[in-house]
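A quick write-up on the structure given underneath.
Chains as they are written, first to last, in the numbering used here: chain C, 5 to 377; chain Z, 913 to 1757.
The following block contains the structure:
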C-alpha cells in the first residue's frame, strides 16, 4: 500500500481489506453460480447484492476511511460489486433462457386447430359481380342509375321505340300487371329489361349523360339450365355530342378487359333492338381457350362449347326516336347503349353450369364466393 | 326460317357445292354478318346411299298377318327381278318408287340388308318420304313421276344433297322470311347477280269489283285493314294431282308438310317470295269476297278446327255467307280446298301489320302468314305471286287459269327519307363517303337521288317497310360495309361522381350482415294469399294488398311480394332439408305495395315529344310503392359448435342484432321497442324506430322470434327468428346526415362506476339505458363515454316480478381528472333519471 496509510485501523476496516473483499466477491459469485432457478437467484441477489449484503455493507464502510485510503478501497469494492452485478445479470439471463426453453415448450399448442366461431357469411355472386360490373363503368365515369321493377309500359316499351303490337314486343315475353279493378292490362308491366331506366335517366338527368343501370328483370321464360324468368341485367347508356359506333366499341373493349382480362378480341354482329339503330350483338373471344378449341387438334372448351367466341351483350347506337321521346335533339346528340345479363356473366366468369344454382338460395352456392366474387 | 342452299342459289348466283364445308361455313358467316343470324347449318341427303329409282312389277297380297302386307316384285333397271316386303298399300303395279337395295344406307345410319320377314326374304325396301328424310309422311310409299329414270340414283334424281341454313330472323326483317329476301342479301354480299323470283308484274289486270267473266269478284271494305287484294282463278284442277318431287323436297327441307298440290303451291311461293297466299274452294264461295272488320256476334271455324268468336277489330275475309278467313292469319275450314276441289280461287293480300298482329295475339293464333304480315310484306308482290301460283297450279294440276285477276287496291303513300349523306359516317365513326353510301343503299334496293346541301333523297324498296328513318339507312350502309371494319376509339372520361351515398351504404350493409355470418340469397319475388295466411296476417294488414299479375308464371302465385319473409322462410326450409342445421340467410330486394289512392291505369304517352311533368306524374301514380327491404331468417346455431364446445343457438337476439347491424352501418339513430306484429312471437318481437329524413319517427323494422304457428306453417325449425327492415327509409335518413363529425379525444383518466338497478320485468332494458344516458348528460361536462349492461339477474334477490340490470358507466372529462365527488354526482344523476323514468330501485351492495 502507499505511504499515507500509516493511520490505518485494522479493526475498523477489516471488511475493506483486499482479501476480505475478494472473499466477499468469491462467495457471491459461487452463490450466483449455484443458483438453480430464478427464485434461488432472487434470494442470492438479496443475500449478495441487497441492502444487507456484505459487499453493500463494505461499500458503506468506505466513508469511514481516511480520505487518502478511500479511493483505493472504493476502487476495490466497486470492482467487486461490478463483478457481482455482472454475474447476477448473466446468471439471470441464463436462467430466463432456460425457463423460456422449458416453459414455452410446455405451453406449445396446435395452431392448426380451427377457430371459426363465427358462421361463414357470404354475399351472392350476382350482387358482387353486379357491383364489379357497375364499378368498371363507374371507373369510366358513369353513374349508377336505378328504376322500379314494376314499370309503366310506356317506359318499358313505347318510349324505347317498340311500336304498339309490333312483334318485337313478343320477344320480350312480358308479365303484365292487372289493374286494381281486375283489368288484364293496366299499362303496367314487370320490366322486361333495364332499358326503361335509360328513359328515366334521359328525362331527369342533364346531358351529356353516362349512366349504368343494374337491376332485376322479368320475363315469362321457362326455367331451365340457362334461362330464368327472373334475372338481372346491367346496361350502360352514353349520350353526348358526336358519339359513334367506334366509341361504343371502345367502351365494350374497355369493359371486357376489366372483366375478363386484356387481349381478348371482341366482335359485333348485326342484331335488332328497337331502341338502338344500328344494333349489334357482342361476342368476345373465349377467355378460357382464347380460340384454341377451334383450331385443328385443339382441346374442346366447355366454356365456349369450342366456338371460340362467347356472346356477352347486345348493343347499338341509341335510336334517334328514343331521344325524341325524351325531348333530346337527335341532330345534336347521339348515344350508345349496351347491356348484358349479370347471371350470364357470373356463369361465364365463374363456370356456373346451371342458372338455377343462382336462384335456389342454397348456402353452399353463395358461400363458395365469400365476400367478393 | 330454314333455307336450302340450292333454293338460294337459284336466285343468287353463288358458286358453291353442298359438299364444300369451308364454303358453306363462309356463307354462314356472311349471312350472320349481314344481320341474318345462322343458328344452325344442317347437311342433308349426304347420309343416303344406294337408293335408286325402281319400278313395281308385281304385287302379292299376303294374308294371315295382323295388317295387310305386300310382297312386291320390283325392278332396279338391271334386268333382275327383286322382292321386297312392304306394309303400305298406296301404290300399284307400274309405279316408279325409291328402292333401297341391300347395302343402301338411309338417314340415321340405317343400313338396309336382305332379311327374312313375314315368311319371305325381303331384298331391301321401298321407301316412304319420312324414311328418306324428306318430311314426316311415313303412311305410304313415295310414288314417283312415271318419267323417273329407272335405275337412276335417287339422291341425285331428287336433288336430296343440300345444306339447310336455319336463320333467326329478327322482328324488323320481314323480307328475310323468304328465299327472295335472303338470296338478295347473299347476292349483295358475294357481289353476284340476283334474279328476282317474283318476276315482272303481269300485264292483264282487271279493275276492282269486276263482275262475271273475269276472276272472282272482290273488294276492300276497310282500307285500314288491307291495301292490296288480289284474287285469281284456276279451274278444273285435278284434286289428286301429286305435288312435284322437287317442290315436295324443298317444302320438307324448309319444315313444311306436304298437304295437297293447291296448298303446297301456296306454301312454296310463300317461302320463296315471302307473300302469304290462300287457296279457296271456289264451289264453297258465295258471292263477292270482301275484306272487312268483324261484326257483332260473328264466328269462324278456322282450318285448325277451332271455332273462334270474332272481335270487332278482327280483319276478315268474308263472302255473302259471312266470315271465311282471318285475314293474313288463317283461313276458314268451310272454304278450304279439299280432296274434291277442282276450281280454286287464289288470294294474295296485303294486310295491316298491326291489325294482323293484334288479331293473331287476340286469338293466340300465330301462323306462317301472320308472322310475315306482322313483320311487313312487300306491297308490290300480290299480283306477281298470285300469277305464279295460278300458273303452277295449272301446270302441275292440269287446270286452266282464268285470264286476269281481281285487283283491289288502296293508294299507299310512298316513303321518302331525306338524309345527310354524311350521316352514316357520323353514326359509325368511319369515313365512307357519299359514293359508298349511295351504292350500298342502291344495293338493298333503295332509289337514291341527290339534293342540295349534300343531302340524299332515298326511297326504300317496297320489300323494306322497316326502313323509315335516316338511322335505318345508316344501319344498312354500316352492316353491309361490315361491323368488323368499325375502329375502336379509346374511352372518353365522362367525369362522373361515383356511387351515391345510398349505393355505398347498400354495399356496406350487405358486407356487415355477411361478416356477421349471414349468407345472401335471392328468393322468388312472387307471392300468394296463402302466404299471407301462413304469416297469420290480420285481414286488414297492409301487406295483404298486393300487385296482381295478369299472366303470372304460376297460377299459385299471382301476386308480387309485399314482404321478403315467405321467400326467405322457404329458402331456409330448403337448406334445412338439404342437411344444413345452422342457417343464417339474408336478402335485399324490392317489395311491392300498391298505393291505396293509386291510378288504375298508366297511360301510353306519345313518343314524338318528351312527356310533360303531369304526364310523367300520371305514369308514376299507377305504379306501386317499391321500397327496398332487407330481410334475414335464421335457425340452428348463430355461432357454430366445434371442438371448443357447443354452439350458441340463434334466436330473437340475433334477429334484432341484424337490424342493429344495418342501422349501425347507416349511422341513423334508432331505438328498439317492444312490439306485437305478425308473423312474430308476440312476446319476442321488437320494432326498430328511426327518425326519417323529415324528422318523423318511423318504424323501419321488426325482428325477433317467429310465431310458433308461422314456424309450423312454413315447416321451419323451432325458435327460428327473422328480421325485415325497410332499407329505403334508412337510406333516405342516412342521406340526410352530414359527414360524421369527430370528437376531441380526452387523455385524462377514465372513472368507472357500476350500478345495479332493479326494475319491473316489463320495463325494457332499452328504456333504462336511455334514461341513464339522459340523466348522465345532465351532469355538466362530465362525459358518459360508454355504458354497458354486464348482468341481467332475475333471482330471489331481485324480487318477484322484477329484474336487476347491472351497468358499467365510464365517465371522463375533456380537460381534467374527475374528482370522486364529480363522478358520484354524475352517476347519481344518471340513476336518478332512471328511477324517475322507470321506477328503478338502486340495488345496494
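Glycine residues also receive a C-beta, built at the ideal position from the N, C-alpha and C atoms.
Note that the structure is predicted; figures quoted are calculated from it, not measured.
Using C-beta distances below 8 Å, list every residue in its chain close to residue 1123 of chain Z, excluding the 5 sequence neighbours before and after it, in chain order. Indexing the second chain from 1 puts residue 1123 of chain Z at position 211. Note that residue 1123 of chain Z scores 39 on pLDDT, short of 50, meaning its location in the model is unreliable; the coordinates nonetheless yield the value given after this. Excluding sequence neighbours, residue 1123 of chain Z sits near 1129.
Do the region 1334-1351 of chain Z and the region 1294-1302 of chain Z touch if we need at least three Cβ pairs shorter than 8 Å? no
Which ranges would you report for the alpha helix (DSSP H) in the region 186-237 of chain C if only whole runs of at least 4 residues count? 200-208
Distance between beta carbons of residue 1684 of chain Z and residue 1745 of chain Z, contact taken as under 8 Å: Taking the first residue of the second chain as 1, we reach residue 1745 of chain Z at position 833. Taking the first residue of the second chain as 1, we reach residue 1684 of chain Z at position 772. So it is a contact: roughly 7 Å between Cβ atoms.
Is it the case that the Cβ atoms of residue 1717 of chain Z and residue 1663 of chain Z are separated by a distance below 8 Å? Within the second chain, the letter at position 805 stands for residue 1717 of chain Z. Within the second chain, the letter at position 751 stands for residue 1663 of chain Z. Result no, Cβ atoms of residue 1717 of chain Z and residue 1663 of chain Z do not sit closer than 8 Å.
Find the nearest neighbour of residue 316 of chain C within the set C:326, C:297 and C:344, judged by alpha-carbon distance. In the first chain, counting from the first residue as 1, residue 316 of chain C sits at position 312. For the residues C:326, C:297 and C:344, the minimum Cα distance to residue 316 of chain C belongs to C:344.
Quick check: what's the CA-CA separation for residue 931 of chain Z versus residue 1010 of chain Z? Position 19 of the second chain, counted from the start, is the residue given in the question as residue 931 of chain Z. Position 98 of the second chain, counted from the start, is the residue given in the question as residue 1010 of chain Z. If you take the alpha carbons of residue 931 of chain Z and residue 1010 of chain Z, they lie about 23 Å apart.
Cβ closer than 8 Å: which chain Z residues qualify as neighbours of residue 183 of chain C? The residue labelled residue 183 of chain C in the question sits at position 179 within the first chain. Chain Z residues near residue 183 of chain C: 1512 and 1513.
Cβ-based neighbour list, residue 1002 of chain Z, same chain, cut-off 8 Å, excluding 5 preceding and 5 following: Working through the second chain from its first residue, we reach residue 1002 of chain Z at position 90. If we look at residue 1002 of chain Z and ignore the five residues flanking it on each side, its Cβ neighbours are 1051, 1052, 1053 and 1055.
Please report the straight-line C-alpha distance between residue 1518 of chain Z and residue 1527 of chain Z, rounded to a whole angstrom. Within the second chain, numbered from 1, the residue matching residue 1518 of chain Z stands at position 606. Within the second chain, numbered from 1, the residue matching residue 1527 of chain Z stands at position 615. Straight-line Cα distance between these residues: approximately 10 Å.
Could you tell me the distance, in whole angstroms, from the CA atom of residue 91 of chain C to the CA atom of residue 21 of chain C? The residue you call residue 91 of chain C lines up with position 87 of the first chain. The residue you call residue 21 of chain C lines up with position 17 of the first chain. The straight-line gap from Cα to Cα measures roughly 22 Å.
Of all the options Z:1752, Z:1295 and Z:1688, which has the alpha carbon lying nearest to the alpha carbon of residue 1721 of chain Z? Within the second chain, the letter at position 809 stands for residue 1721 of chain Z. Comparing Cα positions, the closest option is Z:1688.
Would residue 1142 of chain Z and residue 1070 of chain Z be called neighbours here (beta carbons separated by less than 8 Å)? Counting from 1 along the second chain, the entry for residue 1142 of chain Z is found at position 230. Counting from 1 along the second chain, the entry for residue 1070 of chain Z is found at position 158. No, these two residues do not count as a Cβ contact at 8 Å.
Which term fits residue 1375 of chain Z, buried or exposed, when burial requires 16 or more other beta carbons within 10 angstroms of its beta carbon? Here residue 1375 of chain Z refers to the residue found at position 463 of the second chain. Buried.
At 9 Å on the CB atoms, spell out the chain C contacts of residue 1396 of chain Z, in chain order. Counting from 1 along the second chain, the entry for residue 1396 of chain Z is found at position 484. By Cβ distance, chain C contributes 271, 272 and 273.
Find the residues of chain Z that neighbour residue 179 of chain C, judging by a C-beta separation of less than 9 Å, and give them in chain order. Locating residue 179 of chain C in the first chain gives position 175, where the first residue counts as 1. Residues of chain Z passing the Cβ test: 1461, 1462, 1463, 1464 and 1465.
If you measure from the beta carbon of residue 45 of chain C to each beta carbon in chain Z, is any gap under 8 Å? On the first chain, position 41 is the one that residue 45 of chain C refers to. So no, residue 45 of chain C is outside the interface.
Thinking C-alpha only, which one of Z:1592, Z:1575 and Z:1131 is nearest residue 1201 of chain Z? Within the second chain, the letter at position 289 stands for residue 1201 of chain Z. Comparing Cα-Cα distances from residue 1201 of chain Z to each of Z:1592, Z:1575 and Z:1131, the minimum goes to Z:1131.
Taking C-beta to C-beta, are residue 286 of chain C and residue 342 of chain C nearer than 8 Å? Here the question's residue 286 of chain C lines up with position 282 in the first chain. Here the question's residue 342 of chain C lines up with position 338 in the first chain. Yes, Cβ-Cβ distance for residue 286 of chain C and residue 342 of chain C is below 8 Å.
Under the three-state reduction of DSSP, which class applies to residue 1242 of chain Z: helix, strand or coil? As a first step, residue 1242 of chain Z must be located in the second chain, where it is residue number 330. Correct three-state label for residue 1242 of chain Z: strand.
Using a Cβ-Cβ distance cut-off of 8 Å, determine whether residue 253 of chain C contacts chain Z. For the purposes of this step, residue 253 of chain C is taken as the residue at position 249 of the first chain. Chain Z, which has a Cβ nearer than 8 Å to the Cβ of residue 253 of chain C, makes this yes.
Report the residues of the region 320-331 of chain C with a CB closer than 8 Å to any CB of chain Z, ordered along the chain. 321, 323, 324, 325, 328, 329, 330 and 331
How about residue 217 of chain C and residue 201 of chain C: are their beta carbons less than 8 Å apart? For this step, residue 217 of chain C is matched to residue 213 along the first chain. For this step, residue 201 of chain C is matched to residue 197 along the first chain. For residue 217 of chain C and residue 201 of chain C, yes; Cβs fall inside 8 Å.
If you measure between the beta carbons of residue 1691 of chain Z and residue 1738 of chain Z, is that distance less than 8 Å? The residue you call residue 1691 of chain Z lines up with position 779 of the second chain. The residue you call residue 1738 of chain Z lines up with position 826 of the second chain. Yes.
Please report how far the alpha carbon of residue 1602 of chain Z lies from the alpha carbon of residue 1679 of chain Z, in whole angstroms. Within the second chain, the letter at position 690 stands for residue 1602 of chain Z. Within the second chain, the letter at position 767 stands for residue 1679 of chain Z. Near 15 Å, if we compare the C-alpha coordinates of residue 1679 of chain Z and residue 1602 of chain Z.
When you compare the CB of residue 1121 of chain Z with every CB in chain C, is at least one pair closer than 8 Å? Locating residue 1121 of chain Z in the second chain gives position 209, counting from the first residue. Only weak support is given to the placement of residue 1121 of chain Z: the predicted model assigns it a pLDDT of 39, under 50, and the value that follows is read from those uncertain coordinates. So, not an interface residue.
Limits of the unbroken beta strand (DSSP E) element including residue 941 of chain Z: As a working mapping, residue 941 of chain Z is identified with position 29 in the second chain. Careful: residue 941 of chain Z lies outside any beta strand (DSSP E), inside the alpha helix (DSSP H) at 933-945.
For residue 1761 of chain Z, does the three-state DSSP call read helix, strand or coil? No answer is possible for residue 1761 of chain Z: it lies beyond the span of chain Z, which begins at 913 and ends at 1757.
Going by DSSP in three states, residue 1616 of chain Z sits in which element: helix, strand or coil? Locating residue 1616 of chain Z in the second chain gives position 704, where the first residue counts as 1. Looking at residue 1616 of chain Z - three-state DSSP - the assignment turns out to be strand.
Would you say residue 1353 of chain Z and residue 1370 of chain Z are within 8 Å of each other, going by their C-beta atoms? If you number the second chain from 1, residue 1353 of chain Z lands on position 441. If you number the second chain from 1, residue 1370 of chain Z lands on position 458. Yes.
So is residue 191 of chain C in contact with chain Z if we call contact Cβ pairs under 8 Å? As a first step, residue 191 of chain C is located in the first chain; it is residue number 187 there, counting from the start. Yes, contact with chain Z.
Which residues mark the beginning and the end of the beta strand (DSSP E) in which residue 905 of chain Z is found? Examination of residue 905 of chain Z is not possible in this model, given that chain Z is present from 913 through 1757 alone.
Please decide whether residue 145 of chain C counts as near chain Z, where near means a Cβ-Cβ distance under 8 Å. As a first step, residue 145 of chain C must be located in the first chain, where it is residue number 141. By this cut-off, residue 145 of chain C is an interface position.
Pick from Z:1673, Z:1383, Z:1723 and Z:921: whose alpha carbon is nearest that of residue 1713 of chain Z? Here residue 1713 of chain Z refers to the residue found at position 801 when the second chain is read from its first residue. The residue with the shortest Cα to Cα distance from residue 1713 of chain Z is Z:1673.
Is it buried or exposed, residue 331 of chain C, if we count other Cβ atoms within 10 angstroms and call 16 or more buried? Along the first chain, one-based indexing puts residue 331 of chain C at 327. Exposed.
From what residue to what residue does the alpha helix (DSSP H) around residue 1159 of chain Z run? As a working note, residue 1159 of chain Z is residue 247 in the second chain. Element bounds for residue 1159 of chain Z: 1157-1165.
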